[in-house]
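**Q** Before I ask anything, let me first share the structure, which is written out below as C-alpha cells.
See below:
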C-alpha cells in the first residue's frame, strides 16, 4: 500500500508531519518525484522543493505556497496538489502530457520558521522569524522582500509592521533561496504563488499600477482559470493585476519573476472571502484544493501549449 | 503561546475615499495593535481587521463616530482557534 495515499490531506498538520508526507510521496513515486534542498530558513529549517520530472533538460514550472505562514490552507493545498501530480502521472492525460514536457517544482512551505511558529506560539504570525540587531521586532514580510519595486508603496519600512519590506531586497534567506533557484535554473516558464484569502487570481503588477506587456493574454488565461475553478463548487474568483484587484504592493514575488522574464506569473488568493479568513475550517481544505487544481490546470495547459 | 481571548475580527466597509483615509489613519495608530488582514485601499474592497480585546471599544467608537459601516466577522477569535486545534488533535488521533 502506498503510504502517501493514506495521509489525511483534509487536515492541518505540523511542519514535521508535512515534511514526512513529502517523503512518503517521494518514496511512493520515486521514478518521477524527488526532493531538492534549495536552502535553509533563518532558523535552519530545510527548504524542500518537490521535483516532478520524467526526463532531462526540460523547461520548468514553479509553484509555491506558505510564504505567509498563517495562510494554512495554502500549505495544505500544495501538499494535496503534490500528491495529485504524482498519483495521476500515467493515468490522467493532462498530467502525463504536462510532465512529459515540463518539470514541475513545488515548494509547499516557503516560510517554515513562520509556519512552525504559528503552531507553537502565535497562530496569527505572517512574516519570517529573522532577527536584526537594533530592532525590537522580529521578521520581514517575505512577499515584500523581492527585488521588484523594493521598498515602494504598499510595503512598510517599520520593522514592527506585518508588511515590513526588510533591510534590503532578498535579505530573507527564504526569498534568496527561491530567487537563486529561479536564476540558477534559467528556464522556468511559469511561476505560481499560492496565498489566502480573498478568492483572487492575480498577475503583475503590484508595485506599479500599469498593465504588463502581456496583459491581454494573462487576463484571458486568468479568466479561463477562474471559470474552471468555479465549475466545481461555484466559488467565484476575481481576476486582474495585483494593483487592480487588491492594492499597490511592492516587492512581491510574481512581479520579480515577471520582470526577469517569466511571462506566466500568477498568484492565487484561495478561500474564503471573509467568513473565516486565515482560519478556514479543515473541512474546506479538500474542496479548496480540488477547485484550485482546476484553475491551476488551465494555467498549466496554457503554458504547455504556448511555449516561448 | 499567545492567546486571542476576546479578540474580534471586524469587517469594515468604507463608502468613499475619505473613509479609506480615516481607516489608514486608524492603521497608523500602533498602540491599538491592530492586525489588518486586508488593507484599506479601495472602497470596493472590505477591510478585515483583528482587534485585541483592549482596543475593541476605541475602534468601534472611532468607526461609529466617523459613520463607517462595520460588522463582526469573527466574534471570538480564540474560540475559532480552539476549534481548529481540536480538529487537528482528533484528525491526528484518527
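Protein chains in written order, with this note's numbering: chain X, 3 to 310; chain S, -13 to 80.
We put the CB at the ideal spot given by N, CA and C, even for glycine.
Computed from a predicted model, the values in this text were never measured in an experiment.
#1: What number of angstroms, rounded off, separates the C-alpha of residue 18 of chain X from the C-alpha of residue 74 of chain S?
#2: Hey, could you find the ends of the beta strand (DSSP E) residue 28 of chain X is sitting in?
#3: When DSSP labels each residue in this structure, what does residue 306 of chain X get in the three-state scheme?
#4: Taking Cβ to Cβ, would you say residue 2 of chain X is nearer than 8 Å to residue 259 of chain X?
#5: Beta-carbon of residue 26 of chain X versus every beta-carbon of chain S: anything under 8 Å?
#6: What does residue 120 of chain X reach in chain S if we use C-beta pairs closer than 8 Å?
#7: Work out the CA separation of residue 35 of chain X and residue 278 of chain X for me, nearest whole Å.
#8: Between the alpha carbons of residue 1 of chain X and residue 70 of chain S, how many angstroms are there, rounded?
#9: How is residue 115 of chain X classed by DSSP in three states: helix, strand or coil?
#10: Using 10 angstroms around the beta-carbon of residue 151 of chain X, count the other beta-carbons present and answer buried if the total reaches 16, otherwise exposed.
#11: Return the Cβ separation of residue 286 of chain X and residue 237 of chain X in integer angstroms, given the expectation that the two are a contact with Cβ distance under 8 Å.
#12: Whose CA, out of X:281, X:109 and X:298, lies closest to the CA of residue 65 of chain S?
#13: Does at least one heavy atom of the ligand ATP sit under 7 Å from the Cβ of residue 256 of chain X?
#14: As an exercise, report each continuous beta strand (DSSP E) stretch of at least 3 residues that is fully enclosed by the segment 82 to 163 of chain X, in chain order.
#15: Can you round the beta-carbon distance between residue 44 of chain X and residue 131 of chain X to whole angstroms, since I take them to be within the 8 Å contact cut?
#16: In the DSSP assignment, find the beta strand (DSSP E) that holds residue 34 of chain X and state where it starts and stops.
#17: Checking the sheet assignment: what are the DSSP bridge partners for residue 66 of chain X?
#18: Looking only at its chain, what residues have a beta carbon closer than 8 Å to the beta carbon of residue 297 of chain X, apart from the 5 residues adjacent to it on each side?
#19: Ordered along the chain, which non-local residues of its own chain (more than five positions away) have a Cβ less than 7 Å from that of residue 85 of chain X?
#20: Around the C-beta of residue 254 of chain X, are 16 or more other C-beta atoms found within 10 angstroms, so that it is buried, or is it exposed?
#21: Measure the beta-carbon distance from residue 105 of chain X to residue 54 of chain X and round it to whole angstroms, keeping in mind my assumption that it falls under 8 Å.
#22: Can you name, in chain order, every residue of its own chain whose Cβ lies under 8 Å from the Cβ of residue 9 of chain S, other than the five neighbours on each side?
#23: Go through its chain and collect everything with a Cβ distance to residue 48 of chain S's Cβ below 7 Å, but skip five positions before and after it.
#24: Would you kindly check if the distance between the Cβ of residue 35 of chain S and the Cβ of residue 22 of chain S is under 8 Å?
#25: Shortest alpha-carbon distance to residue 1 of chain X belongs to which of X:78, X:157 and X:187?
#26: Does the pairing of the segment 72 to 79 of chain X with the segment 118 to 126 of chain X give three or more beta-carbon distances under 8 Å?
**A** Here's the rundown:
#1: 14 Å
#2: First-last for residue 28 of chain X: 17 to 30, but that is the alpha helix (DSSP H), not the beta strand (DSSP E).
#3: helix
#4: Past the edges of chain X, shown from 3 to 310, lies residue 2 of chain X, and the structure says nothing about it.
#5: no
#6: Going along chain S, no residue has its Cβ under 8 Å from residue 120 of chain X, so there is no contact; the nearest lies around 10 Å.
#7: 34 Å
#8: Nothing in the structure corresponds to residue 1 of chain X, since chain X is present only between 3 and 310.
#9: helix
#10: buried
#11: In fact, because the Cβ distance is near 10 Å, the residues do not count as touching under 8 Å.
#12: X:281
#13: This structure lacks the ligand ATP; in fact it carries no ligand of any kind.
#14: 105 to 109
#15: 6 Å
#16: Element bounds for residue 34 of chain X: n/a, residue is neither H nor E.
#17: X:109 and X:195
#18: 203, 227, 228, 230, 231, 239 and 270
#19: 6, 11 and 27
#20: buried
#21: 7 Å
#22: -2, 0, 26, 33 and 54
#23: 12
#24: yes
#25: Because chain X here runs from 3 to 310, residue 1 of chain X falls outside it and cannot be looked at.
#26: yes
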